[in-house]
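S.K.: Sending over a structure as structure tokens; questions will come in a sec.
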Amino acid sequence: MSIKTAYKIRFVFTMIFLAVVTILVFYPFLYILSAAVAKGNTMTGLSCIPFGNGFGFTNFQALFTKTNFPVWFGNTFIISIVTMLGTLVICTVSAYIFSRFQFWGKRSMLTAMFVLQIIPSFLAMIAMYYVLYWMGGLNKIWGLILVYIAGNIPYNVWLVKTYLDAIPKNMDEAAIMDGASRFCIFTNIILPAIRPIVIFLAITSFTAPWLDFIFPKLILRSQSKYTVALGLYNLYNEQGDFGTFCAGAVLIVIPFVLFFLATQNMLVESMSTTLDEDL
Amino acid sequence: MIQLKRDESASLLVLLSSALFNGLSHILYLKQYFKGIILMLLEIIMIRFIPFFFQSIIAFFTLGNNSGNSASIMINGIVSILIVALYVTIYIHYIKEAERDYRFYCKTGVFRNSNKTLSECIQGSFVVWGILPSVVLVGILVIVPLLFAILAAFTNLSAPANIAPGRPFSWVGLDNFIAMFGGQLSWSSAFVRVFLWTILFAVFSTVFCYIGGLVLAYILHHNNFKFRPVMQTVLMLPYAVPAVISMLVWKTLLNGSFGVVNRTLISWGWINEPLNWLSDPFMAKFTCILISLWAGYSYFMLLLLTSLNTISPAIYDAAAVDGATRGQTIRKVIIPLLLKRTTPFIVLGFTQNLNNFTSVFFLTEGNPALKNTTITSAGGTDILVTWLYNLTFHIMKFNYASVIIVVLCIILIPISIWQFTKTDMYREGR
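Here it is, written out as structure tokens:
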């Protein structure tokens, strides 16, 4: 057997392996899509073959008429936007100060933030409940937003600060010489220079509330305040309405996938900068 | 403004006056009027709240003696202690600073920062107001809850008597830790079981995801074929899709009686009886790892693809010149290189899997039930964080849940400190 045939055989096996993996990865997505457009809405009746139950829009109709999906969607959207804006403003300003100013207490604050970032904020969920009760933030959307923003701060301040540290200080020093105010330097020089990381931060803080389940479950009590994740989970778990759940899931998955495709390169970029540091 | 001699004779005077009333020496001797006024205002505000701080801290130690709202008493206590501690450090800092500025004056004959205009001072205070939102939010919604949760491990905050907001609870010392670590058989056996499974789950899912990602990244990197970009995108889908949704779909697919997986395997004749993917304790653990591989390999695949792209082709050539076979090159050169570069990401993946609530909760909800599940609420696939959820939401044993938080912090914080020693800030500071 020549080397060339050996290579060919190996290539064929590799391709078969890759094809099997791809099918295993892709099948759940086909299944969810076919369940969403199927004519029934029970799990038991669904065919194993994708789209074996025909096409119809009854599940989507049910989603918009029988459930509060539009309300959940609206709530999550508001929560995400406000969380994103809050996180952006607070984290970039703090990171700017940590990166460019020397002041008393800086080192201990940064150390504390670094150590805290490894502890996911949902660990303290019980305490969060009592703290929000103490603040009057239970069953309030602003309570949830504050929890999200606060949870975002330790990690993201470090992220932006590290990015800013790599940007030469000549530019802002020159501007100080010219008599520009700190605020002016921040908006006109710093923000444009850190645009990529700001976009990255905007994306991660915007998408996180769509996926989170624990905090909405903990904080939001009334159905009218539910977020998408909480509403869909209830639809699946308590009402057992699989078809409607899938219809809602599809409406969330599609924008997420498009979003990912649009931002994939940025993720790769942020990875390669971290990888380069170790070389 | 009182003129001081420049022979350092007035050190004690400066120290005493600023210790007596923070900011006094800044105004009297050091010509730092703006700073002095701010410090004095701060002290006046603190003095105004002394009775509140005093009461809160006293009440914190008794938690209201079994009456009143213990949770709020505890939070008030924590907040008061934090504020007082912070203020005392600020106070001491400015006493020292006043003395330092006086010595500066002795040496140079000019006052440090004395000719600052008001607008310059406002510019300087940019640091303070810029950082204040972060400090307040992290303080109230990250540090206070964490301290509360850790302290709650030393109380009897549990259902049915003590949990509703507004109800009293009290300190119980180490009782919860004793119960969890050996005092009560059902609790300690559940703890050991869940703890070991959490570590196993985190190790296996991280290792498998890494290996899976590595294999696929290697294949995609070294084979050029027509559908490669499409295939890469499809292989990235599990990363792009919210895990809540994909886990619930897998739960449906793997359902014992009507799940698609069992039906398909039966119709192909591979199995005769439906497999208990999620209802057999051992099998369910296996399924958890398998599905977390499905959900987690894509991140490592993208990372390793990126990493492979940065490896120079010269390395392959050099290995070939030295007579290494293809397999040897991969084993001895490429994999060690990748491992070295991606170590921080592996550690990150491990800590995320330790807290991988989504993968376990939505797939199995911690089920199947074992023999002490009704008492402890810890099922066969529960990891520490999902058990924490059950303890919080189902049986409301907040005291035991807090013990778990303490355990998780003990695992996580050393990892975090280890990572911290790798940062530039730490290296520069040494």
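If you read the protein sequences in the order shown, they are chains A and B. Everything in the first sequence is counted per the numbering used here, starting at 63 for the first residue and increasing by one. Everything in the second sequence is counted per the numbering used here, starting at 217 for the first residue and increasing by one. Where is the CB? At the ideal position from N, CA and C, for every residue including glycine.
(1) At which residue ranges does the stretch 165-199 of chain A contain complete alpha helix (DSSP H) runs of 4 or more residues, listed in the order of the chain?
(2) Quick check: is the beta carbon of W166/A nearer than 9 Å to any beta carbon in chain B?
(3) Kindly indicate the opening and closing residues of the alpha helix (DSSP H) around R319/B.
(4) What separation, rounded to the nearest whole angstrom, lies between the Cα atoms of A264/A and L194/A?
(5) Mind listing the chain A neighbours of P349/B? Cutoff is C-beta to C-beta under 7 Å, in chain order.
(6) Just checking: is the beta-carbon of D303/A within a distance shorter than 9 Å of some beta-carbon in chain B?
(7) Is there contact between the stretch 425-444 of chain B and the stretch 304-321 of chain A, where contact requires at least three CB pairs shorter than 8 Å?
(8) What would DSSP say about W387/B, mapped onto helix, strand or coil?
(9) My output table needs one value for T522/B: the three-state DSSP class, helix, strand or coil.
(10) Shorter than 9 Å from the beta carbon of A594/B to some beta carbon of chain A?
(11) In three-state terms, what does DSSP make of T637/B?
(12) Would you call the stretch 534-554 of chain B and the stretch 495-511 of chain B touching, i.e. three or more CB-CB distances under 8 Å?
(13) Assuming G596/B contacts N606/B under a Cβ cut-off of 8 Å, what Cβ separation, rounded to an integer in Å, is found between them?
(14) With which residues is T371/B paired in a DSSP beta bridge?
(15) Between L520/B and G429/B, which are expected to be in contact by the criterion C-beta below 8 Å, what is the C-beta distance as a whole number of angstroms?
(16) Taking 9 Å as the threshold (beta carbon to beta carbon), is K279/A in contact with chain B?
(17) Note the first and the last residue of the continuous alpha helix (DSSP H) segment covering F269/B.
(18) Residue range of the alpha helix (DSSP H) that K279/A falls in?
(19) Tell me whether A324/A is buried or exposed, calling it buried when 16 or more other Cβ atoms sit within 10 Å of its Cβ.
(20) Sort S283/B, I263/B and L279/B by Cα distance to V304/B and report the nearest one.
(21) Identify, in the order they occur along the chain, each residue of the same chain with its Cβ nearer than 6 Å to the Cβ of S272/B, setting aside the five sequence neighbours on each side.
(22) Report the option in I251/A, G293/A, F160/A and Q326/A whose CA atom is closest to the CA atom of N232/A.
(23) By the criterion of Cβ-Cβ separation under 9 Å, what are the contact partners of W466/B in chain D?
(24) Give, in chain order, every unbroken run of the alpha helix (DSSP H) that is at least 4 residues long and sits entirely within the stretch 91-146 of chain A.
(25) Using the three-state DSSP reduction, which class does W272/A fall into: helix, strand or coil?
(26) Residues in the same chain with beta-carbon distance under 8 Å from I203/A, minus the five sequence neighbours each way, listed in chain order, please.
(27) Which chain B residues are close to Y192/A, counting only those with a beta carbon under 7 Å from its beta carbon?
(28) Note down, in chain order, all residues in the stretch 289-303 of chain A with a beta-carbon under 8 Å from any beta-carbon belonging to chain B.
(29) In chain order, which continuous runs of the alpha helix (DSSP H) of length 4 or greater are located wholly inside the stretch 485-553 of chain B?
(30) Is S334/A helix, strand or coil by DSSP?
(31) Any residues in the stretch 568-587 of chain B with a beta carbon nearer than 9 Å to a beta carbon of chain A? Which ones, in chain order?
(32) Is it true that the CB of F516/B sits closer than 9 Å to the CB of Y426/B?
(33) Quick one: list the residues of chain A neighbouring V360/B, beta-carbon separation under 8 Å, in chain order.
(34) Let me make sure I understand the geometry here. Which of L313/A, F91/A and A291/A has the alpha-carbon closest to that of F275/A?
(35) For L436/B and S462/B, I'd like the C-alpha separation in whole angstroms.
(36) Determine whether the Cβ of L451/B lies closer than 9 Å to any Cβ atom of chain A.
M.R.: Well, looking at it:
(1) Unbroken alpha helix (DSSP H) stretches of 4 residues or longer found wholly inside the stretch 165-199 of chain A: 168-178 and 187-197, given in chain order.
(2) Counted from its first residue, the first sequence places residue 166/A at position 104. Interface residue, yes.
(3) By 1-based counting over the second sequence, the position of residue 319/B is 103. Per DSSP, R319/B is one residue of the alpha helix (DSSP H) stretching across S286 to T324.
(4) Position 202 of the first sequence holds residue 264/A. Position 132 of the first sequence holds residue 194/A. Using only the alpha carbons, I get a separation of about 26 Å.
(5) As a working mapping, residue 349/B is identified with position 133 in the second sequence. Listed by position along chain A, the residues whose Cβ is nearer than 7 Å to that of P349/B are I152.
(6) What you label residue 303/A is simply residue 241 of the first sequence in a count that begins at 1. No - not a single Cβ of chain B is within 9 Å of the one on D303/A.
(7) Flag = no, the stretch 425-444 of chain B and the stretch 304-321 of chain A do not touch.
(8) Translated into the one-based positions of the second sequence, residue 387/B becomes position 171. DSSP places W387/B within a strand segment (E or B) once states are collapsed to three.
(9) Locating residue 522/B in the second sequence gives position 306, counting from the first residue. Under the three-state reduction of DSSP, T522/B is assigned to helix.
(10) Residue numbering aside, residue 594/B sits at position 378 when the second sequence is read from its first letter. With respect to chain A, the C-beta atom of A594/B has no partner C-beta closer than 9 Å.
(11) Within the second sequence, the letter at position 421 stands for residue 637/B. The answer is coil: DSSP assigns T637/B none of H, G, I, E or B.
(12) In short, these stretches do not touch, since the Cβ pair count stays below three.
(13) Within the second sequence, the letter at position 380 stands for residue 596/B. Within the second sequence, the letter at position 390 stands for residue 606/B. G596/B to N606/B, Cβ: 13 Å. No contact.
(14) Counting from one through the second sequence, the residue named residue 371/B turns up at place 155. Note: T371/B sits in a beta bridge opposite W387/B.
(15) The residue given as residue 520/B occupies position 304 in the second sequence. The residue given as residue 429/B occupies position 213 in the second sequence. Correct: roughly 5 Å between the Cβ atoms.
(16) Position 217 of the first sequence, counted from the first residue, corresponds to residue 279/A. Taking Cβ atoms only, chain B reaches closer than 9 Å to K279/A, which makes this a yes.
(17) Position 53 of the second sequence, counted from the start, is the residue given in the question as residue 269/B. F269/B -> alpha helix (DSSP H) spans I266 to T278.
(18) Counting from 1 along the first sequence, the entry for residue 279/A is found at position 217. Boundaries of the alpha helix (DSSP H) harbouring K279/A: I276 to I281, taken from the DSSP string.
(19) If you number the first sequence from 1, residue 324/A lands on position 262. The residue in question, A324/A, is exposed, as its Cβ has fewer than 16 Cβ neighbours within 10 Å.
(20) Numbered from 1 along the second sequence, position 88 holds the residue referred to as residue 304/B. Nearest of S283/B, I263/B and L279/B to V304/B, Cα basis: I263/B.
(21) The residue labelled residue 272/B in the question sits at position 56 within the second sequence. Excluding positions up to five away in sequence, the list reads N292, G293 and S296.
(22) Counted from its first residue, the first sequence places residue 232/A at position 170. Measuring C-alpha to C-alpha distances from N232/A to each of I251/A, G293/A, F160/A and Q326/A identifies I251/A as the nearest.
(23) Chain labels in this structure do not include chain D; the protein chains are A and B.
(24) DSSP runs (the alpha helix (DSSP H)) wholly in the stretch 91-146 of chain A: 120-127.
(25) Along the first sequence, one-based indexing puts residue 272/A at 210. Annotated three-state conformation of W272/A is helix, per DSSP.
(26) Within the first sequence, numbered from 1, the residue matching residue 203/A stands at position 141. For I203/A, the CB contacts under 8 Å within the same chain, skipping 5 residues up- and downstream, are N137, I140, I141, L282 and K287 in chain order.
(27) Taking the first residue of the first sequence as 1, we reach residue 192/A at position 130. Against chain B, a Cβ distance below 7 Å from Y192/A picks out A287, I291, F364 and P381.
(28) Answer in chain order: A291, L294, Y295 and Y298.
(29) The qualifying runs are 497-526 and 529-537.
(30) Position 272 of the first sequence holds residue 334/A. DSSP places S334/A in the helix class (H, G or I) of the three-state scheme.
(31) Of all residues in the stretch 568-587 of chain B, Q568, N571, F573, T574, F577, F578 and E581 have a Cβ within less than 9 Å of some Cβ in chain A.
(32) Here residue 426/B refers to the residue found at position 210 of the second sequence. Here residue 516/B refers to the residue found at position 300 of the second sequence. Yes; because the gap between Cβ atoms is below 9 Å, this pair is in contact.
(33) Here residue 360/B is taken as the residue at index 144 of the second sequence, counted from 1. The contacting residues are A189 and V193.
(34) Counting from 1 along the first sequence, the entry for residue 275/A is found at position 213. Checking every option, the nearest Cα to that of F275/A belongs to A291/A.
(35) Translated into positions along the second sequence, residue 436/B becomes position 220. Translated into positions along the second sequence, residue 462/B becomes position 246. Taking the straight line joining both Cα atoms gives about 24 Å.
(36) Taking the first residue of the second sequence as 1, we reach residue 451/B at position 235. So yes, L451/B belongs to the interface.
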